[in-house]
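Protein chains: 2
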Amino acid sequence: MLNNQGALDQVFQALADPARRAMVERLTRGPAAVSELARPLDMTLSAVVQHLAVLETSGLVRSEKVGRVRTCRIEPKTLRNAEQWIAQRRAIWERRLDRLGEYLASQPEDDTSKE
Amino acid sequence: MLNNQGALDQVFQALADPARRAMVERLTRGPAAVSELARPLDMTLSAVVQHLAVLETSGLVRSEKVGRVRTCRIEPKTLRNAEQWIAQRRAIWERRLDRLGEYLASQPEDDTSKE
DNA sequence: CCAATACTTAAGTGAATGCTTAACAATCAG
DNA sequence: CTGATTGTTAAGCATTCACTTAAGTATTGG
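One line per chain: the protein sequences are A and B, in this order.
Going letter by letter, the first sequence gives residues 1 to 115 in the working numbering.
Going letter by letter, the second sequence gives residues 1 to 115 in the working numbering.
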């Protein structure tokens with residue numbers, strides 16, 4: 001859990017690109033070869049390999065090569081880290097709103113409705 | 001819910017920067033002025049204003065100016081959209097693993113444990 | 001062996017990012 | 001009015017990004 005700072009940078013950066021999100025989306029339906037990931041994308045294989053490198057260094061995807069085929073799969077742990085960062089902020093925000101609600105409810109009606 | 005594609009691009013892109021995440025983090029504890037957001041960050045006010053612009057066009061933050069002070073607050077709806085994208089991928093992945101588990105459990109033991 | 005398949009790597013390019021400085025505008029306090 | 005706050009905006013600059021083309025390197029099927 002060290003260096004969570006730069007790790008999140010890389011994960012969110014990786015998810016910021018639609019091609020990379022499409023690749024992640026494909027991989028949630030099961031492992032795939034590089035050219036399978038490339039097929040629906042309107043770019044060269046070379047570009048896809050570079051996107052894959054971004055996904056791998058972010059930790060979102062891992063892959064191994066057997067023969068001439070590299071098979072990729074997602075790493076759900078990394079996905080969960082990103083999810084949790086967001087979920088925690090949202091939780092803090094919502095607790096804050098709850099406390100604010102209680103406070104307002106406990107206040108006497110200060111009806112200063114004249115100019 | 002239109003154009004969810006580019007919207008997610010912007011949200012994840014916004015979250016990919018540590019200064020911007022720090023600003024979001026600060027705002028989850030309540031609204032703040034621009035110079036309050038700037039104080040802990042080691043950069044000029046100008047840079048902070050530019051980060052704020054990124055956060056606002058992504059929809060993560062909204063702000064209004066009264067007098068000479070601009071007050072910023074987070075927009076939890078946008079945060080939730082990003083969270084849901086991730087949560088959905090993770091859900092699909094986990095359902096997949098469940099089905100795979102059931103399949104393996106239903107298989108006869110193929111104990112080919114000799115060389 | 002030979003040619004297709006499945007990547008891999010390097011170099012280059014134009015556009016986007018993350019800053020900075022500097023000059024400016026609009027309050028507000030005394 | 002005058003100066004200190006609080007931001008805003010433009011310009012410039014170095015770096016990073018998202019590609020492309022081009023030239024490889026294994027593997028594999030026949």
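The C-beta atom is built at its ideal place from N, Cα and C for all residues, glycine as well.
Next on the checklist: In the DSSP assignment, the beta strand (DSSP E) including B/Thr44 goes from what residue to what residue?
Outcome noted: Premise fails: B/Thr44 is in no beta strand (DSSP E) and is neither H nor E.
Checklist entry - With B/Ala14 and B/Leu60 assumed to form a contact (beta carbons below 8 Å), what rounded beta-carbon distance in angstroms separates them? => result 6 Å
Next on the checklist: Going by C-alpha to C-alpha distance, which of A/Arg29, A/Val49 and A/Glu25 sits closest to A/Ser35?
Outcome noted: When the alpha-carbon of A/Ser35 is set against those of A/Arg29, A/Val49 and A/Glu25, the nearest one is in A/Val49.
Item to check | Chain-ordered neighbours of B/Gly30 on chain A, where CB pairs are closer than 7 Å | outcome: Arg96
Checklist entry - Do you know how far the Cα of B/Ile86 is from the Cα of B/Ile92? => result 10 Å
Checklist entry - If we call anything under 8 Å between Cβ atoms a contact, is A/Ala53 one with A/Leu8? => result no
Checklist entry - With which residues is B/Arg62 paired in a DSSP beta bridge? => result B/Arg73
Next on the checklist: Quick check on this structure: which residue in B/Ser46, B/Asp17, B/Met43 and B/Arg26 has the alpha carbon closest to the alpha carbon of B/Ile74?
Outcome noted: B/Arg26
Next on the checklist: Which of the three DSSP states is assigned to A/Ala14 in this structure?
Outcome noted: helix
Item to check | Spatially closest choice to A/Glu56 from A/Arg29, A/Leu97 and A/Arg21, by CA coordinates | outcome: Looking only at A/Arg29, A/Leu97 and A/Arg21, the smallest Cα-Cα distance to A/Glu56 is reached by A/Arg21.
Checklist entry - Quick one: what's A/Ala33 bridged to in DSSP? => result A/Thr71
Checklist entry - In whole angstroms, what is the alpha-carbon distance linking A/Thr112 and B/Phe12? => result Here the model assigns A/Thr112 a pLDDT of 43, short of 50, so the residue's position is not dependable and the matter cannot be decided.
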